[in-house]
Amino acid sequence: MPRTLLLLLLAALLLTGPAMAGGKKPTRPPDNVLRMEPFMIPIPSRGPYAMARVQADIVLQDPTQRDLARSQQPRIVGKVIAESWEQPVGEGRITAEDAKALKQRILDAARAALGDVVLDVLLVSLVER
19 MPRTLLLLLL AALLLTGPAM AGGKKPTRPP DNVLRMEPFM IPIPSRGPYA
69 MARVQADIVL QDPTQRDLAR SQQPRIVGKV IAESWEQPVG EGRITAEDAK
119 ALKQRILDAA RAALGDVVLD VLLVSLVER
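Sequence positions in the sequence shown follow our numbering and run 19 to 147.
See below:
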């Protein structure tokens, strides 16, 4: 009897789990997306210590290119940071246009490092500090 009750409770929990979570199953990103490690870019117009934390996803043509993209990440980040000092993003605050410019800057750096395997760049997080 206790074993049957335990099995019924376990079945009820398994059936109500997705309903309690809003009916949505957790999804994982596609295999052709590489999430870059977060990095900081300078905002010189706000002072020498003003920074913005950036995290982006690189969308690749082929999932087998993820290891290559991961190995080239320091090169991509270095180029973006160097360009951020030369041509700052934002005049004190980062606006939507500045975010688009930053996305294009990351896309250009990724294509320079990886070639035509890069389809797009998605900004995941952009936080001023």
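Note that the Cβ used here is the ideal one computed from N, Cα and C, for glycine as well.
Reference residue i, options the options, closest by Cα
i	options	result
R129	M69, A68, L86	L86
L137	T22, R21, N50	N50
S143	T22, P48, R53	R53
L125	A68, L140, T22, A70	L140
D80	P48, A74, G65	P48
In DSSP terms, what residue i is bridged to
i	result
V136	L78
P60	M69
E146	A70
L141	A74
Residue i, DSSP secondary structure in three states
i	result
R129	helix
V51	strand
I112	coil
Q105	coil
| query | Do the segment 57–66 and the segment 97–105 meet, that is, are 3 or more Cβ pairs less than 8 Å apart? | reply | yes
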